[in-house]
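Asker:
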Amino acid sequence: MTNAALDPSPVGIVAAGGVMPFAVADSLIARGIHPVLFALKGACDPVRVTRFRHHWISVGQVGRAVKLFRSENCRDLVFIGTLVRPALSEIRLDWGTLRVLARLWAAFRGGDDHLLSGIGRILEQDGFRMVGIKDVAPDLLVPEGCLTRKAPDERAAADIARGRDVLRALSPFDIGQAAVVIDGHVVGVEDIEGTDGLLARVARLRDEGRIRAKAARGVLVKAPKSGQDLRFDLPTIGPRTVEGTIKAGLAGIAVVAGNTIVVEPQAMIEAADAAGLFVTGLPA
Numbered sequence: 001m002t003n004a005a006l007d008p009s010p011v012g013i014v015a016a017g018g019v020m021p022f023a024v025a026d027s028l029i030a031r032g033i034h035p036v037l038f039a040l041k042g043a044c045d046p047v048r049v050t051r052f053r054h055h056w057i058s059v060g061q062v063g064r065a066v067k068l069f070r071s072e073n074c075r076d077l078v079f080i081g082t083l084v085r086p087a088l089s090e091i092r093l094d095w096g097t098l099r100v101l102a103r104l105w106a107a108f109r110g111g112d113d114h115l116l117s118g119i120g121r122i123l124e125q126d127g128f129r130m131v132g133i134k135d136v137a138p139d140l141l142v143p144e145g146c147l148t149r150k151a152p153d154e155r156a157a158a159d160i161a162r163g164r165d166v167l168r169a170l171s172p173f174d175i176g177q178a179a180v181v182i183d184g185h186v187v188g189v190e191d192i193e194g195t196d197g198l199l200a201r202v203a204r205l206r207d208e209g210r211i212r213a214k215a216a217r218g219v220l221v222k223a224p225k226s227g228q229d230l231r232f233d234l235p236t237i238g239p240r241t242v243e244g245t246i247k248a249g250l251a252g253i254a255v256v257a258g259n260t261i262v263v264e265p266q267a268m269i270e271a272a273d274a275a276g277l278f279v280t281g282l283p284a
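Read left to right, the sequence shown gives residues 1 to 284 (the UniProt record's numbering).
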């Protein structure tokens, strides 16, 4: 992480899918900082992006992106939003990309964190500064403590501890950032389907009778990978996570405070309270 103050010039947001790029932009505006969105074709919402100054770029157009960053005087850059990893054959190469092709290929050979940090290093060598949510929009991070009326009980606390141990052990393999633990049993870990897919899988296993624990037992635990560059790909929760947790028959959600992004926090908390779930921010 960079803990330095942001440059007074505009902040460039490399905007992928979902609502987070726009939440970050709104947070910057509220603090008197001008955002410029560099919207990724095929990922960024073409309607919502029109609220902000923006340019369209394609994945792999490093040369075009660098020229646009400089033309907008964006020294500080943040990557945010959901993005399906493209195949190398889908990347539109320009001359600027060819210049760094060997380094880009090396970045693609690792997991998602390796990919994003690799692209970040390429841009930093061109004089830009990669910043994270802690730098640009700290108000979007989950605080420490229980956010809901219901709090984890002793059984849930044990499941949370087991989930954190599992995620810590999986970190070197860059697999995922979430696990579901029920009564001490690890019933699922996040894979390429993401957290929504993990919760849907747990719900299906319950329906099939493969999970026999009573409803309202078990926890979704989310945490960044050990050693992860916290400027990139932080875990995210929101109302959709609560919806999936309800369908999966779990008791609640536990995430690492200060290192987890929350989408639409008020709506998320209201949905959790209505369902009798807990959402809690864990000490880092």
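By construction, the Cβ of each residue, glycine as well, lies at the ideal position given by its N, Cα and C atoms.
Checking the sheet assignment: what are the DSSP bridge partners for Ile-261?
Answerer: Looking up residue 261 in the sequence shown gives position 261. Its beta-bridge partners are Leu-141 and Thr-236.
Asker: Where does Val-14 sit, in a helix, a strand or coil, going by DSSP?
Answerer: Stepping through the sequence shown from its first residue, residue 14 is reached at position 14. Reduced to three states, the DSSP call for Val-14 is strand.
Asker: Give the secondary structure of Thr-148 by DSSP, where H, G and I count as helix, E and B as strand, and everything else as coil.
Answerer: Taking the first residue of the sequence shown as position 1, residue 148 is located at position 148. Here Thr-148 sits in coil by DSSP.
Asker: Find out if the Cβ-Cβ distance for the pair Leu-167, Lys-222 is shorter than 9 Å.
Answerer: Reading the sequence shown from its first residue, position 167 is the one you call residue 167. Reading the sequence shown from its first residue, position 222 is the one you call residue 222. Yes, the Cβ-Cβ distance between Leu-167 and Lys-222 is below 9 Å.
Asker: Just list the residues that DSSP pairs Ile-253 with in beta bridges.
Answerer: One-based indexing of the sequence shown puts residue 253 at position 253. In DSSP, Ile-253 forms a bridge with Leu-220 and Val-279.
Asker: Just how far apart, CA to CA, sit Ala-215 and Leu-250?
Answerer: Position 215 of the sequence shown, counted from the start, is the residue given in the question as residue 215. Position 250 of the sequence shown, counted from the start, is the residue given in the question as residue 250. Straight-line Cα distance between these residues: approximately 6 Å.
Asker: Report the start-end ranges of each alpha helix (DSSP H) in the region 39-80 that is 4 residues or longer and not cut off at the edges.
Answerer: Here the runs fully enclosed are 62-71.
Asker: Helix, strand or coil for Ala-284, going by three-state DSSP, please let me know.
Answerer: Along the sequence shown, one-based indexing puts residue 284 at 284. Coil at Ala-284, not helix or strand.
Asker: Could you compute how far the alpha carbon of Leu-40 sits from the alpha carbon of Pro-283?
Answerer: By 1-based counting over the sequence shown, the position of residue 40 is 40. By 1-based counting over the sequence shown, the position of residue 283 is 283. Leu-40 and Pro-283: Cα-Cα distance of roughly 34 Å.
Asker: So Ile-13 and Ala-23 are in contact, right, with Cβ under 8 Å, and what is the actual spacing, rounded?
Answerer: Translated into the one-based positions of the sequence shown, residue 13 becomes position 13. Translated into the one-based positions of the sequence shown, residue 23 becomes position 23. At roughly 10 Å, the Cβ-Cβ gap does not stay under 8 Å, so Ile-13 and Ala-23 are not in contact.
Asker: At the level of alpha carbons, what is the spacing between Phe-38 and Arg-240?
Answerer: Counted from its first residue, the sequence shown places residue 38 at position 38. Counted from its first residue, the sequence shown places residue 240 at position 240. Whole-angstrom Cα-Cα distance: 26 Å.
Asker: Would Ala-179 and Val-189 be called neighbours here (beta carbons separated by less than 9 Å)?
Answerer: To locate residue 179, count along the sequence shown from 1; it is residue 179. To locate residue 189, count along the sequence shown from 1; it is residue 189. Yes, Cβ-Cβ distance for Ala-179 and Val-189 is below 9 Å.
Asker: Flag this pair as yes or no: are the beta carbons of Gly-163 and Leu-230 separated by less than 9 Å?
Answerer: Locating residue 163 in the sequence shown gives position 163, where the first residue counts as 1. Locating residue 230 in the sequence shown gives position 230, where the first residue counts as 1. Cβ distance not < 9 Å, so Gly-163 and Leu-230 don't count as in contact.
Asker: Quick check on DSSP: helix, strand or coil for Val-131?
Answerer: Here residue 131 refers to the residue found at position 131 when the sequence shown is read from its first residue. Val-131: coil per DSSP, three-state reduction.
Asker: Between which two residues does the alpha helix (DSSP H) harbouring Ile-192 extend?
Answerer: To locate residue 192, count along the sequence shown from 1; it is residue 192. Note, Ile-192: premise wrong, no alpha helix (DSSP H); not H, not E.
Asker: Going by DSSP in three states, Ala-274 sits in which element: helix, strand or coil?
Answerer: As a working mapping, residue 274 is identified with position 274 in the sequence shown. Correct three-state label for Ala-274: helix.
Asker: Counting along the chain, where does the alpha helix (DSSP H) carrying Ala-30 start and finish?
Answerer: On the sequence shown, position 30 is the one that residue 30 refers to. Here the alpha helix (DSSP H) through Ala-30 covers 20-30.
Asker: Would you mind working out which of Ala-43, Arg-129, Gln-61 and Ile-261 sits nearest Cys-74, comparing C-alpha positions?
Answerer: Residue mapping note: residue 74 aligns to position 74 of the sequence shown, counting from 1. Closest by alpha carbon: Arg-129.
Asker: Tell me the DSSP secondary structure of Leu-37 in three-state form.
Answerer: To locate residue 37, count along the sequence shown from 1; it is residue 37. DSSP places Leu-37 in strand when its eight states are reduced to three.
Asker: Verify whether the separation of the beta carbon atoms of Val-181 and Ile-160 is less than 9 Å.
Answerer: Your numbering for residue 181 matches position 181 in the sequence shown. Your numbering for residue 160 matches position 160 in the sequence shown. Result yes, Cβ atoms of Val-181 and Ile-160 sit closer than 9 Å.
Asker: Within the chosen definition, does the region 43-59 reach the region 271-280 through at least 3 CB pairs nearer than 8 Å?
Answerer: Contact fails: fewer than three Cβ-Cβ distances are below 8 Å.
Asker: Relative to the ligand MN, is the shortest distance from any of its heavy atoms to the C-beta of Asp-159 smaller than 8 Å?
Answerer: You won't find the ligand MN in this model; it holds no ligand whatsoever.
Asker: Give every residue of the same chain whose Cβ lies closer than 7 Å to the Cβ of Phe-52, excluding the five residues on either side of it in the sequence, and list them in chain order.
Answerer: Within the sequence shown, residue 52 is the residue found at index 52, counting from 1. Around Phe-52: Ala-25, Pro-35 and Leu-37.
Asker: What number of angstroms, rounded off, separates the C-alpha of Ala-30 from the C-alpha of Lys-134?
Answerer: Residue mapping note: residue 30 aligns to position 30 of the sequence shown, counting from 1. Residue mapping note: residue 134 aligns to position 134 of the sequence shown, counting from 1. Each residue's alpha carbon lies about 15 Å from the other.
Asker: Look at the Cβ atom of Gly-145, then the Cβ atom of Thr-245, and state whether they are nearer than 9 Å.
Answerer: Within the sequence shown, the letter at position 145 stands for residue 145. Within the sequence shown, the letter at position 245 stands for residue 245. Going by C-beta atoms, Gly-145 is not nearer than 9 Å to Thr-245.
Asker: If you run the structure through DSSP and keep just helix, strand and coil, what is Thr-2?
Answerer: The count along the sequence shown starts at 1 and reaches residue 2 at position 2. Note that Thr-2 scores 45 on pLDDT, short of 50, meaning its location in the model is unreliable and no value can be drawn from it.
Asker: Starting from Ala-158 and walking both ways along the alpha helix (DSSP H), at which residues does that stretch end?
Answerer: Looking up residue 158 in the sequence shown gives position 158. It spans 154-170 - the alpha helix (DSSP H) in which Ala-158 sits, taken as one unbroken run.
Asker: If you draw a straight line from the alpha carbon of Pro-10 to that of Gly-32, how long is it in whole angstroms?
Answerer: The count along the sequence shown starts at 1 and reaches residue 10 at position 10. The count along the sequence shown starts at 1 and reaches residue 32 at position 32. About 10 Å.
Asker: Taking the continuous beta strand (DSSP E) assigned at Ala-213, which residues delimit it?
Answerer: The residue given as residue 213 occupies position 213 in the sequence shown. Neither: Ala-213 is in no beta strand (DSSP E) and is coded neither H nor E.
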